[in-house]
Amino acid sequence: MTLNGLMCIGEVMGELRRSAEGFALGFAGDTYNTAVYARRTTPQLRVDYATAIGEDPLSDGLLLAAKAEGIGTGLIHRTPERQIGLYSVTTDPKGERSFHYWRAASAARAMVPQVAASLAQSDHAILFLSGITLAILSPEDRATLIEALAAAPGRVAFDSNYRAALWEDVETAADCVAAIWRVTDIALPSLEDMQVLFGDDEGSALARLAAAGCRTGALKRGEAGPLALDGTAPGGCPPAPKVVDTTSAGDSFNGAYLATLLSGGTEQDALRAGHGMAAKVVQYPGAIIPAGV
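As structure tokens, then:
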């Protein structure tokens, strides 16, 4: 089997962004954001999104938005019993975010049977998910998804992306993240996540990932720039000249990083591409910035 392209797995929600004029509606979600920025980095790249959505008008809007970005929607399961979630986001003068969520009935919370079936038949080179993907699932579905990923032929890429409010407690989150590191090929955590989940500094975070068997990826450090998992820092990673909104900084890094790897770039190329995309995205409001900027 020839493997190609990227499958991103997770939840997409309607995004209500507050501005002086009121609220603007878009669609976002960490792994969906990664899919968008992967396609924008390499427009010819095959990128498919795997999730579950409803049959409501907002879900219809999401499909149109994904198709407009060139993202494959054939792995998106539709169910009449649920719908997509919704959240609002505001930013303070430093670009830090504040969220409110309406996602209890999100269809993505019940997506695992369909996603596991897609993984069993997948010919994608990279399978990407995040800590949020796992956090919205039941413990049983988390285990099922990790097993399906381990059995799939593609390389697993994982961003811990810890959100405390989605987990039962930090200990459960740390145990689950540690379990998926053991089947991960490409690790994309932030240093902040590793500190909160495991009490790690840079050295112990890199050692933890190496002990789990992760050999490729990045330890993301915000404006300080990423580290490769061998501890080296690529050149050419200056901080953003201004920060308007940090939403999707890590997600956009992931998209550009993975797209560059899939396009034949070196790991150093991928690190620089990821940092450059994140530095651009934080200069604009919203998770998905206007195309072409």
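Numbering (the UniProt record's numbering), first residue to last: 1 to 293. Glycine residues also receive a C-beta, built at the ideal position from the N, C-alpha and C atoms.
Residue environment: residue 48 is assigned as buried (16 or more neighbouring CB atoms within 10 Å of its CB, all protein chains considered).
For the 7 Å CB-CB criterion, residue 65 and residue 73 do not form a contact. Between residue 256 and residue 279, the C-beta spacing is not below 7 Å.
Secondary structure at residue 256: helix, using DSSP grouped into helix, strand and coil. The residue among 281, 144, 223 with its C-alpha nearest the C-alpha of residue 248 is 281. Proximity to residue 37 across 231, 221, 191, 253 peaks at 253, based on C-alpha coordinates. Going by C-alpha positions, residue 138 is about 18 Å away from residue 81. Note that the C-beta distance between residue 166 and residue 143 is not below 7 Å. Contact annotation: the stretch 183-203 touches the stretch 211-222, with at least three C-beta pairs closer than 8 Å.
Going by beta carbons, residue 41 and residue 76 fall outside the 7 Å limit.
The stretch 236-248 makes no contact with the stretch 194-212: fewer than 3 CB pairs, one atom from each, lie closer than 8 Å. Residue 288 and residue 6 have their C-alpha atoms roughly 19 Å apart.
Among the bridge pairs identified by DSSP, residue 48 is matched with 7, 72. Every alpha helix (DSSP H) of 4 residues or more that sits fully in the stretch 98-133 is shown, in chain order, as 112-120. The DSSP assignment places no complete run of the beta strand (DSSP E) inside the stretch 228-273 (cut-off: 3 residues).
In the structure shown, the three-state DSSP call for residue 53 is strand. A distance below 7 Å separates the beta carbons of residue 162 and residue 131. If you look at residue 193, you'll find it isn't in any beta strand (DSSP E); it sits in the alpha helix (DSSP H) that goes 191-198.
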